[in-house]
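Visitor: So that we are looking at the same thing, I have put the structure below in structure tokens.
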Amino acid sequence: MRLSRREFLRLAGGAGAAAGLGSLAGLTSCQSSRMRDLRQKVIILGFDGVSPYLLEPWAEQGLLPNVRKLMRLGGYRRLGTTNPPESPVAWASFDTGCNPGKHGIFDFLKRDPKTYIPSIAIAQPKPPRFLFGLVPIRGPGAICGRRGKSFWKIASEHRIRTTVLLAPVSFEPEQLEGGYILSGLGVPDLRGTQGTYHYFSTALSDGEAGDTEMGGKLVRLKFQGNVARAEVQGPWDPVLVQEKEQLARNLARLDEKIASSSQSARRLASLNEERAELVRRVTELERRRPVLVSPITFRRTGTGEIAIDVSGHKTTLKPGQWSAFVPIAFDVSPLVSANGIARFYLESISPHVSVYMTPINIDPTGPVIPISYPKRFSRELAERIGLFKTQGWAIDTMALNEGKLSDETFLQDAVSTFDARKRMLRFALDEIPFNLFFMLFSGTDRIQHAFFRLIDRGHPLFDAALASRLHNPILDSYRRMDAVIGELLAKIGPETTILVLSDHAFHSFRRGVNLNTWLVRNGFMRFSGTSRSDYDLEDLFGRGDFWPNVDFEQTRAYSLGLGQIYINLKGRESLGTVSGGPEYRSVKREIIAGLSGLIDPKTGETAVRTVYDRDDIYFGPAFADAPDLQVAMASKYRVSWQSTLGGISKDVFVDNNRKWSGDHCSLDVEITPGILLCNRRIATRRPTILDLAPTALAILGIAPPANMDGKVLSLSS
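Residue numbering for the sequence shown follows the working numbering, starting at 1317 and increasing by one per position.
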């Protein structure tokens, strides 16, 4: 099946089996006798995207007093990261202590060389199975895309009390003997995507309603009197998916029989009748609605409010007000439902009613797929700290990017999400015994993606008035981090080692570079036919298939993802044109020579610092899955939006006129380091993110496995 770009953006995850109930306190007591009694403790806090280029001057100015305290009394280093400096790649290396050639995560996306079609690299869904379309006989799940064993799994195997909150690239969660884990980056929303929001509005025309470029749902509201009725779109109907898959398998087997020359005429006629019946059933299934829906009602109250009723749950909002989490249920079969939670924001009531709804998060009190271990851990957390977002990409940058959230509203949600994370941290540190603890905060990354335009006066969307009104949202997010560090320092004793890190720096994203357009102009990619029209975003990311009009039988290289270039290699790609050996190496050298030092004709600046050959940066059992080349951009540049999913635009260079204005993906690793803080002196001069895993194990008396590429850091009192 070929997916359109829009369909791909909607399909990025999975859904799964129900969690059990129980008592965290009871579980702790029954496990404690099996665990080792250690005095040493290791606490690791990750703050995604914290940049040394901002942290260092702000700490020196006294704006981050607790960071400054750690720098002076303990240790601080810039932290080397992975190539490319992307969150899933870097955090997978943090998890395992291994380079990407071993853990197999090279980008947010991976591609199938047989079809050239991308999929999400972090996790792949395992669909559920139903008996007679009613009774679940296997719950849905997910297969973690990361290879290798995490250091917290190794610690638990050595009977170390371990707690991991919002574990990145660890979905489904690993089973930790005597420990607790809640998955983070990689967990989808209930729809199985990385974040599908809904926007209901009377201001939308019928032509505007539908799917947005990045997968949002725009729903036109039509009031009859004071009431408007609509639908919330939920996950794909798993029973329908199962029936379609079974019919497709039956058709394939039948076609094989029909193609057999040994069939008699009578038998062949019977098989063709059977095939016609299968085709009729397929046609019937195609008429059925592919997604589950839940009715939703909006009612004007007459007092300047809107009352919302969904799945039997009611909430009433004034303009500018957020709801609490609202349960939303989708009936899968008469016996099974999928339950999620979402928040609503009433943007306006006059002249138009406009309501934003967050992506539907998996309900932590009854998750349809395992998001924690033990399974009941997510429920216990929610009962103790309140409902919280479970989606890995918890802050809705796409709705902001597409103009369906204002800057102020986006920040309100980001702060609310951070506050829930802080409650989670406090509960875990105070109530759960541990010797190894890790938690990842991602808000620092999302806010820099959204608001770099307010600290870079050269950005196309710099707005001095807005910058004055919002002050500095990035600095505010760093200050929230600083406060967490301060709380932690006040809690610990001398036997505890604290490590605070980020996975990469940040740069302004002023201009995009379309690598596929460059490949076309330089003869590495060809189109079918003699001419082509330019594609707009609707073509590139909406209705069209991937790779529109690309003639792979005449193409030597193609780009997909955030800076990855693949050679169209014979024997690997289904339509490969480049032979292995000398020709393969020659094509790589041509591209490296042509792209390295690429100049932006508008600014005269170097856009591409260099291009890395995979032979020079990766090694290990996953090496064969690595891109052949990794493009490394200069500051202020990134792979263009269209290029990431194989789009080809008119120009190689384009202004980035989106609120997503800061980035690190496809930037050169040499200029995109993270940060490392410690309450002990760091003697190691050039630490990398791969070093954290072996270091944590060594502090706890565990010899790091020989396959780890990271080294134990030299720390002193």
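Idealized CB from N, CA, C, for every residue including glycine.
If you're wondering where the values come from, they're calculated on a predicted model, not measured in any experiment.
Relative to the C-alpha of R1695, which residue among T1681, P1554, L2029, G1413 is closest?
Guide: T1681
Visitor: Where does the unbroken alpha helix (DSSP H) through T1381 begin, and where does it stop?
Guide: For clarity, residue 1381 is Pro in the given sequence; the question names Thr instead. Residues 1381-1389.
Visitor: Any contact between the stretch 1625-1641 and the stretch 1587-1603? By contact I mean 3 or more CB pairs, one from each, below 8 Å.
Guide: no
Visitor: Would E1882 and P1810 be called neighbours here (beta carbons separated by less than 7 Å)?
Guide: Correcting the residue identity first, residue 1882 is Tyr in this sequence and not Glu. In this structure, P1810 does not lie closer than 7 Å to Y1882 by Cβ.
Visitor: Under 7 Å between the Cβ atoms of L2008 and I1476?
Guide: no
Visitor: What separation, rounded to the nearest whole angstrom, lies between the Cα atoms of R1785 and T1919?
Guide: 30 Å
Visitor: Starting from I1998, follow its DSSP beta bridges and name the residues at the other end.
Guide: L2031
Visitor: Taking DSSP as the reference, what is the three-state secondary structure of M1530?
Guide: coil
Visitor: Which first and last residues belong to the beta strand (DSSP E) in which E1663 is found?
Guide: 1660-1664
Visitor: Exposed or buried, what is G1365 when buried is set at 16 or more other beta-carbons lying within 10 Å of its beta-carbon?
Guide: buried
Visitor: Considering only the alpha carbon of each residue, which of A1458, A1408, C1460, E1490 lies closest to E1473?
Guide: E1490
Visitor: What three-state label does DSSP hand H1823 in the structure shown?
Guide: If DSSP states are grouped into helix, strand and coil, H1823 belongs with the strands.
Visitor: With F1487 and L2013 assumed to form a contact (beta carbons below 8 Å), what rounded beta-carbon distance in angstroms separates them?
Guide: Their Cβ separation, rounded to whole angstroms, is 23 Å, which puts F1487 and L2013 out of contact at 8 Å.
Visitor: Apart from the five residues on each side of it in sequence, which residues of its chain come closer than 7 Å, Cβ to Cβ, to A1471?
Guide: T1478, L1752, L2013, L2016, I2018
Visitor: Are the stretch 1825-1839 and the stretch 1960-1968 touching, with three or more C-beta to C-beta distances below 8 Å?
Guide: yes
Visitor: Count the C-beta pairs between the stretch 1793-1803 and the stretch 1378-1387 that are closer than 8 Å, then say yes if the count reaches three, no if not.
Guide: Proximity of the stretch 1793-1803 to the stretch 1378-1387 meets the contact definition, three or more beta-carbon pairs being nearer than 8 Å.
Visitor: Would you mind giving the Cβ-Cβ distance between R1739 and I1701, rounded to the nearest angstrom? I have them listed as a contact below 8 Å.
Guide: R1739 to I1701, Cβ: 4 Å. Contact.
Visitor: What does W1638 pair with, by DSSP beta-bridge criteria?
Guide: Y1661
Visitor: Quick one: residues in its chain with C-beta nearer than 6 Å to the C-beta of R1545, no 5 flanking neighbours on either side, listed in chain order?
Guide: T1613
Visitor: I'd like to know whether the C-beta of A1564 is nearer than 7 Å to at least one C-beta of chain D.
Guide: Annotation note: the requested chain D is absent from the structure, which comprises a single protein chain.
Visitor: At the level of alpha carbons, what is the spacing between D1723 and V1652?
Guide: 39 Å
Visitor: Tell me which residues share the same chain as D1761 and place their Cβ nearer than 6 Å to its Cβ, disregarding the 5 neighbours each side in the sequence.
Guide: D1364, G1365
Visitor: Can you say whether K1426 is buried or exposed, counting buried as having 16 or more other CB atoms within 10 angstroms of its CB?
Guide: buried
Visitor: Contact defined as beta carbons within less than 8 Å: I believe I1814 pairs with C1994. What is the distance between those atoms, to the nearest angstrom?
Guide: 6 Å
Visitor: Take I1278 and list the residues in its own chain whose beta-carbon comes closer than 6 Å to its own, dropping the five residues that flank it on each side.
Guide: This structure gives no information on residue 1278, because the portion of the chain shown stretches from 1317 to 2033.
Visitor: Going by C-alpha distance, which of T1706, G1628, A1923 is nearest L1983?
Guide: A1923
Visitor: In the DSSP assignment, what are the bridge partners of H1514?
Guide: K1533, M1673
Visitor: Select from G1362, K1538, A1766 the residue whose C-alpha is nearest the C-alpha of S1758.
Guide: G1362
Visitor: Please tell me whether L1389 and G1990 are closer than 7 Å, where the distance is taken between their beta carbons.
Guide: In this structure, G1990 does not lie closer than 7 Å to L1389 by Cβ.
Visitor: What separation, rounded to the nearest whole angstrom, lies between the Cα atoms of K1952 and L1911?
Guide: 17 Å
Visitor: Would you call the stretch 2021-2033 and the stretch 1409-1426 touching, i.e. three or more CB-CB distances under 8 Å?
Guide: In short, these stretches touch, since the Cβ pair count reaches three.
Visitor: With a threshold of 16 other CB atoms inside 10 Å of the CB of A1698, please say whether the residue is buried or exposed.
Guide: buried
Visitor: Check whether the stretch 1682-1693 touches the stretch 1713-1732, taking contact to mean three or more Cβ pairs, one atom from each stretch, closer than 8 Å.
Guide: no
Visitor: Could you tell me which whole alpha helix (DSSP H) segments of length 4 or greater appear in the stretch 1906-1934?
Guide: At a cut-off of 4 residues, the continuous stretches assigned as alpha helix (DSSP H) that sit fully inside the stretch 1906-1934 are 1930-1933.
Visitor: With distances taken between CB atoms, is the gap from N1884 to G1877 smaller than 7 Å?
Guide: With contacts defined as CB atoms closer than 7 Å, N1884 and G1877 fail to qualify as a contacting pair.
Visitor: DSSP beta-bridge partners for N1655?
Guide: Under DSSP, N1655 forms a beta bridge with A1645.
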